[in-house]
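Read through the structure below, which is laid out as structure tokens, and then see the notes.
There are 2 protein chains.
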Amino acid sequence: MAHSPKRKLFLDLVRAVFRINGLLLADGDRMAEGVGLTSARWKVIGVIALSNSGMTVPGIARALGQSRQAVQRITDVMEVDGLVSYANNPRHKRSVLVQLTDQGQQVYHALRTVQDPWAIGLTDDVPVEELAGALRLLQRLIFRMEKP
Amino acid sequence: MAHSPKRKLFLDLVRAVFRINGLLLADGDRMAEGVGLTSARWKVIGVIALSNSGMTVPGIARALGQSRQAVQRITDVMEVDGLVSYANNPRHKRSVLVQLTDQGQQVYHALRTVQDPWAIGLTDDVPVEELAGALRLLQRLIFRMEKP
DNA sequence: CTCAGGCTGACTGCATGTTGTCAATCGACC
DNA sequence: GGTCGATTGACAACATGCAGTCAGCCTGAG
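Protein sequence lines, in the order shown, are assigned to chains A and B. Residue numbering for the first sequence follows my numbering, starting at 3 and increasing by one per position. Residue numbering for the second sequence follows my numbering, starting at 3 and increasing by one per position.
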């Protein structure tokens, strides 16, 4: 049991996650630098773009599973850069809504035009079922780690 | 094609990797704090423990797929803490070998006694085949991303 | 209405990771 | 033996993430 194949498989999977996380960040930075962004920023932009009327900073953080402080710092920088704007939140006086500016929208779409071929190229010859299976497993692990 | 199921699957997988990476680091920190370590340090300790006569800093970095500077900073701190020691490298005058001290060995084994039940508990009801499949997929993606 | 607990923003400190640069050493080739 | 490219250590700048704290706003129970 100490060296059960499952244990080794799982630890290898953990290492693979660490590794691919670093590679994804590196690839993301490379793709994003063409439009003056970074990996962390397109993660945030992506969440905002999927919403209709903007999201609060803690809301974005919850969607990403990150701390609100990390998101706040990023939105603050992007607000200075003119990619997002803060709008009054009718449901909450202090917690403003983060919205994409026109420039932010343009950057988001520019990003898509680089990101899509990248995603397609990486998964060219990978069957959909394998992707779905791996995703299910990861989501299952995530669920178990989020509810301790 | 713009919204092909595969593209969405892949992007969901990317998000899952980001999320699980954060959760693994958090869990690792929680497990490691009992023995006075952090996630980053047991990653490094793990690599050293698997070697026989110690490893150079760049060697550890290559094994982890990280920059040597990041590893160097961690080994420097662990050397001050008495977990590792630097030994002369007969094959290279400047590049010393990082070795576990007795204390480092003890910490490594203490970590295993916490890590093993954690790994087992997370994968309790997950079939080995699913683990293996997900690992194969991730390693395939890693391979494609490492060779641009 | 009042007030207690929860949510938010702002700030701080810390850990980790990347990239870039420079000088010293190594190693391989001529 | 000499030379040149690769490797290494040391240092710095920067980006990102977490946790902790504090004060102010919001919400809902009483």
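Beta carbons are placed, not taken as given, at the ideal position from N, Cα and C, and that holds for glycine. It should be emphasised that the depicted structure is a prediction, and the values quoted were computed from it without experimental measurement.
Quick one: complete beta strand (DSSP E) runs, 3+ long, within the region 118 to 144 of chain A?
none
Can you give me the start and stop residues for the alpha helix (DSSP H) that Arg96 of chain A sits inside?
Position 94 of the first sequence, counting from 1, holds the residue named residue 96 of chain A. From DSSP, Arg96 of chain A is part of no alpha helix (DSSP H) but of the beta strand (DSSP E) over His94 to Leu102.
What do you reckon, is the C-beta of Phe20 of chain A under 7 Å from a heavy atom of the ligand FMN?
In the structure shown, the ligand FMN is absent, as is every other ligand, since no ligand is present at all.
Which word fits Phe145 of chain B, buried or exposed, when buried means at least 16 other C-beta atoms lie within 10 angstroms of its C-beta?
Taking the first residue of the second sequence as position 1, residue 145 of chain B is located at position 143. By the 10 Å Cβ count, Phe145 of chain B comes out exposed.
Please work out which residues of its chain come closer than 6 Å, Cβ to Cβ, to Leu27 of chain B, disregarding the five sequence neighbours upstream and downstream, and give them in chain order.
As a position in the second sequence, residue 27 of chain B is number 25, starting the count at 1. Hits under 6 Å: Ser41.
Terminal residues of the beta strand (DSSP E) in which Val86 of chain A lies
Counting from 1 along the first sequence, the entry for residue 86 of chain A is found at position 84. Here the beta strand (DSSP E) through Val86 of chain A covers Val86 to Asn91.
Tell me whether Ala4 of chain B sits in a helix, a strand or coil according to DSSP, three-state version.
Walking along the second sequence from the start, residue 4 of chain B turns up at place 2. Caution applies to Ala4 of chain B, whose pLDDT of 49 falls short of 50 and renders its modelled position unreliable; the value that the coordinates give is listed next. Ala4 of chain B: coil per DSSP, three-state reduction.
Environment of Lys95 of chain A [buried if 16+ CB atoms lie within 10 Å]
Counting from 1 along the first sequence, the entry for residue 95 of chain A is found at position 93. Exposed is the call here.
With the cut-off set at 8 Å, would you say Val79 of chain B and Ile62 of chain B are in Cβ contact?
Taking the second sequence and counting its residues from 1, the one referred to as residue 79 of chain B is at position 77. Taking the second sequence and counting its residues from 1, the one referred to as residue 62 of chain B is at position 60. Contact flag unset, no.
Starting from Lys45 of chain A, follow the alpha helix (DSSP H) in both directions and report where the run begins and ends.
On the first sequence, residue 45 of chain A is found 43 positions in, with the first residue counted as 1. Where Lys45 of chain A is concerned, the enclosing alpha helix (DSSP H) stretches over Ser41 to Leu52.
Excluding the five sequence neighbours on either side, which residues of its own chain have a C-beta within less than 8 Å of the C-beta of Leu113 of chain B, listed in chain order?
For the purposes of this step, residue 113 of chain B is identified with residue 111 of the second sequence, where counting begins at 1. Excluding positions up to five away in sequence, the list reads Met33, Ala34, Val37, Leu39, Trp44 and Ile47.
Let's test the definition: count the other Cβ atoms within 10 Å of the Cβ of Gln117 of chain A and tell me whether it reaches 16, buried, or not, exposed.
Within the first sequence, residue 117 of chain A is the residue found at index 115, counting from 1. The residue in question, Gln117 of chain A, is buried, as its Cβ has 16 or more Cβ neighbours within 10 Å.
Under 8 Å Cβ-Cβ, which residues of chain A neighbour Gly24 of chain B?
Locating residue 24 of chain B in the second sequence gives position 22, where the first residue counts as 1. Neighbours of Gly24 of chain B on chain A, chain order: Gly67 and Gln68.
Per DSSP, what kind of secondary structure is Thr58 of chain B in: helix, strand or coil?
In the second sequence, the residue the question calls residue 58 of chain B occupies position 56. DSSP places Thr58 of chain B in strand when its eight states are reduced to three.
Counted within 10 angstroms of its Cβ, other Cβ atoms place Thr115 of chain A as buried (16 or more) or exposed
What you label residue 115 of chain A is simply residue 113 of the first sequence in a count that begins at 1. Classification of Thr115 of chain A: exposed, given that the 10 Å Cβ count is below 16.
Quick one: is Leu139 of chain A near chain B, going by C-beta distance under 8 Å?
Stepping through the first sequence from its first residue, residue 139 of chain A is reached at position 137. At least one chain B Cβ lies under 8 Å of Leu139 of chain A.
For Leu143 of chain A and Glu132 of chain B, I'd like the C-alpha separation in whole angstroms.
Along the first sequence, read from residue 1 onward, the residue named residue 143 of chain A stands at position 141. Along the second sequence, read from residue 1 onward, the residue named residue 132 of chain B stands at position 130. Roughly 12 Å separates the two Cα atoms.
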